[in-house]
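Enquirer:
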Amino acid sequence: MRIACLLVPDLPLHAELRASPDLRGLPLAITTGPGTRSEILALSREAALRSVRVGQTLPQARAVCPEIEVRIASPILEQNAREALLDVALSLAPRAELADCTSGIFASEGAVYVDATGIKALHGGTHEESEHAFASMLHARAERTGIIGLVGLASSRGVARLAARHLHLQLSLSRSSDPIDRAPNTEPETTCILPPDREIEFLSPLSIDLLDPDDPTAQALTRFGIRRIHDLLRLPHRDLAARLGPSLLELVTRARGEEAEPPLPEPRTTTIEEGEDLEVPITSLEPLAFVLRGLVARLVERLTLRALGCIRLRLAMQLEGGAKRSLQIGVASPCQDERVLLRLLRLAAESNPPPAPIEGVVLLCEGVPLRREQLDLFLPRGPSPSELDQTLAELGSICGSDRVGSPEIAGDHRPDGFGLKPFRKKQPCPSGSLFRKSSQRTPTPQNNPRLTMRAIRPPLHAEVHLEGGRPAHLRSAVSQGRVVTAAGPWRRTGQWWSKSAHFAVDHYDLQMSDGTVLRLCFDWKTKCWQVDGLYD
0 MRIACLLVPD LPLHAELRAS PDLRGLPLAI TTGPGTRSEI LALSREAALR SVRVGQTLPQ
60 ARAVCPEIEV RIASPILEQN AREALLDVAL SLAPRAELAD CTSGIFASEG AVYVDATGIK
120 ALHGGTHEES EHAFASMLHA RAERTGIIGL VGLASSRGVA RLAARHLHLQ LSLSRSSDPI
180 DRAPNTEPET TCILPPDREI EFLSPLSIDL LDPDDPTAQA LTRFGIRRIH DLLRLPHRDL
240 AARLGPSLLE LVTRARGEEA EPPLPEPRTT TIEEGEDLEV PITSLEPLAF VLRGLVARLV
300 ERLTLRALGC IRLRLAMQLE GGAKRSLQIG VASPCQDERV LLRLLRLAAE SNPPPAPIEG
360 VVLLCEGVPL RREQLDLFLP RGPSPSELDQ TLAELGSICG SDRVGSPEIA GDHRPDGFGL
420 KPFRKKQPCP SGSLFRKSSQ RTPTPQNNPR LTMRAIRPPL HAEVHLEGGR PAHLRSAVSQ
480 GRVVTAAGPW RRTGQWWSKS AHFAVDHYDL QMSDGTVLRL CFDWKTKCWQ VDGLYD
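Counting in numbering that gives the first Met the number 0, the sequence shown tops out at residue 535, every number present.
1. For the alpha helix (DSSP H) containing P421, name the first residue and the last one.
2. Are the beta-carbon atoms belonging to A153 and E198 less than 8 angstroms from one another?
3. Classify R49 as helix, strand or coil using the three-state DSSP reduction.
4. Give me, in chain order, the residues of the same chain whose beta-carbon lies closer than 8 angstroms to that of S405; leave out the 5 immediate sequence neighbours on both sides.
5. Rounded to the nearest angstrom, what separates L433 and I408 at their Cα positions?
6. Touching or not, the region 196 to 211 and the region 245 to 256, by the rule of three or more beta carbon pairs under 8 angstroms?
7. Assign S499 to one of two classes, buried (16 or more other C-beta atoms within 10 Å of its C-beta) or exposed (fewer than that).
8. Tell me whether M316 is buried or exposed, calling it buried when 16 or more other Cβ atoms sit within 10 Å of its Cβ.
9. Is the region 162 to 176 in contact with the region 23 to 31, if contact means three or more CB pairs nearer than 8 angstroms?
10. Cα separation between L533 and V367?
11. On a Cα-Cα basis, can you pick out the residue from G493, P458 and L517 that is closest to C527?
12. From the DSSP output, which residues share a beta bridge with I328?
13. Going by other Cβ atoms of all chains shown within 10 Å of its Cβ, with 16 needed for buried, is P195 buried or exposed?
14. Note down the Cα distance separating L465 from L473, rounded to an integer number of angstroms.
15. Can you tell me whether K524 is helix, strand or coil according to DSSP?
16. Taking Cβ to Cβ, would you say S43 is nearer than 8 angstroms to L12?
17. Whose CA, out of T525, I310, S129 and M0, lies closest to the CA of P261?
18. Give the range of the alpha helix (DSSP H) segment to which T252 is assigned.
19. Mind reading off the beta-carbon distance from L362 to L314? Whole number of angstroms is fine, and I expect it under 8 angstroms.
20. At the 8 angstroms Cβ level, is A110 part of the contact set with chain D, yes or no?
21. Taking DSSP as the reference, what is the three-state secondary structure of V516?
22. Name, in chain order, the residues that DSSP records as bridge partners for T221.
23. Measure the C-alpha to C-alpha separation of A115 and T144 and round it to an integer number of angstroms.
24. On the three-pair Cβ rule with 8 angstroms, is the region 504 to 520 touching the region 475 to 488?
25. Suppose the cutoff is 6 angstroms on Cβ atoms and the five residues either side in sequence are ignored; what does the same chain contact list for C520 look like?
26. Name the DSSP bridge partner or partners of Q479?
27. Alpha carbon to alpha carbon, what distance is there between T125 and A60?
28. Ordered along the chain, which non-local residues of its own chain (more than five positions away) have a Cβ less than 6 angstroms from that of L73?
29. State the Cα-Cα distance for the pair P212 and L250, rounded to the nearest angstrom.
30. Apart from the five residues on each side of it in sequence, which residues of its chain come closer than 6 angstroms, Cβ to Cβ, to P414?
31. For R23, which option in V463, L5 and E45 has the closest C-alpha, if you only look at C-alpha atoms?
32. Quick check on the DSSP output: the alpha helix (DSSP H) that includes V295 runs from which residue to which?
33. How about L291 and L341: are their beta carbons less than 8 angstroms apart?
34. Whole-angstrom Cβ separation of I67 and V51, contact assumed at under 8 angstroms?
35. Go ahead and pull the three-state DSSP assignment for F105.
36. Pick out whichever of L149, Y112, E127 and A159 has its Cα sitting closest to the Cα of P8.
Here is the structure:
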């Protein structure tokens, strides 16, 4: 098995730069907190060239670099950056896994493991050339998402991560050296490919610190003068384990690349999350739209990597005082258009403004695989799904989301009762259905036309004179005079348990002396007569 490890040594720094690209090229430091005693957790190359160092306090950093930009480490940005690493890995291979978070000197690094087995058939060439091409592509795709990492490729997770850590160490030494001593026109190495028969040879001269031992083991090895991996491998392991404990055996197994590792999983989740903690609470929609623009841009970037389209959005807002607000937005068809998603979010926020200032925003997207639909040759093309989404969202913001939809028959006996259901995209006709329909015999028209009633909306007020409890004379805007024939009444009633929704209506079909045939109704709730239809 061959495993590639994409390692990001300064994940808090790259997570901040990914969310705020305007900070690139500036001296930037990521601190552990807002106070003066907070320490520098990660810093940019520009800050390092101005003598700022990791571990310094904020006043110490400002003393040597007054113009330094300072940001507090954000757990939600770091988590989003880790998940973006997994999306980069899944864009090249079906099996990938995020590395566990570590502590100590490697606490700020993030890593993802990718299955690189069988890539020769994909990239061609020799086995070594195909692995170099795979590692270069992995590095390039991570850089495209705003995360600059290093790639190690070996026969196990541990050795691949050690190779990537060695690359970072060499890169740090080359940057800290005198520019005169550097070779001209040399680009730093960003990938390291270890053939299986050269892994022990490569690992032997490396520092013990790259194995990330715990503090007691590291101090004990220092007392014994063991500073390199080859020094550790030369000594009798059982005697050292008896003196230093069983953790040393785990360290030796890691140094040999012989750790027991399960196969890489095949992630199935298609939910993508992007969020941001706000330094200053937002009180209006314009700053919220600015924040959403960055979240949607990063979300669409990850959707594109996974070849997914957004089908549903959820906007979660953390409000001042601990309250939360959540908005659900549906999308008519899988979408990767940043403008469409941003427009839908903005319209949803305008229709349901938060009742308090916003302190944090989280955007969740449910992705589905993109599929191309075959259009019908004989039917006109329907509206674009993105344009339909925008139109429905705008109508919902104007009229209310409960007043926009497609009508459906209600499940009660209320006169003219109907409900609303969400618009559904019209399904294309199956292949050949048009020819089957055309080949069927056209029904012959009937000679006797059916009786049709034309509804009058709103119903017209009527004055009715009763004889024997039945309509005898009618006066209304559509007909007036004597009733020749009356059929009915037909009573419809329902929801008697509700004072506001209760209804009871009697319907009559009347033929008037002037030849008009109409429908008359009496509302028992309002005690009034109305003409609500005419028969043709």
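Using N, Cα and C, we set each Cβ at its ideal position, and we do this for glycine too.
Expert: This is what the structure holds:
1. First-last for P421: undefined, no H or E at that position.
2. yes
3. coil
4. L419, K420, P421, F422 and R423
5. In this predicted model, L433 has a pLDDT of only 45, less than 50, meaning its place in the structure is not dependable enough to derive any value.
6. Yes, the region 196 to 211 touches the region 245 to 256.
7. exposed
8. buried
9. no
10. Whole-angstrom Cα-Cα distance: 51 angstroms.
11. P458
12. L312
13. exposed
14. 9 angstroms
15. coil
16. Pairing S43 with L12 gives a Cβ-Cβ distance under 8 angstroms.
17. Scanning T525, I310, S129 and M0 for the CA closest to the CA of P261 turns up M0.
18. Its alpha helix (DSSP H) spans residues S246 to R255.
19. So it is a contact: roughly 6 angstroms between Cβ atoms.
20. The question asks about chain D, but that chain is absent: this structure has only one protein chain.
21. strand
22. According to DSSP, which records beta bridges pairwise, T221 is partnered with nothing at all.
23. 21 angstroms
24. yes
25. V504, H506, Q529 and D531
26. R474
27. 49 angstroms
28. A small fix is needed here, since residue 73 is Ser in this sequence, not Leu. The answer, listed in chain order, is D276.
29. Looking at the two C-alpha atoms, the distance is approximately 7 angstroms.
30. V504
31. E45
32. Where V295 is concerned, the enclosing alpha helix (DSSP H) starts and stops at L284 to R305.
33. yes
34. Contact holds; Cβ gap of about 6 angstroms.
35. helix
36. L149
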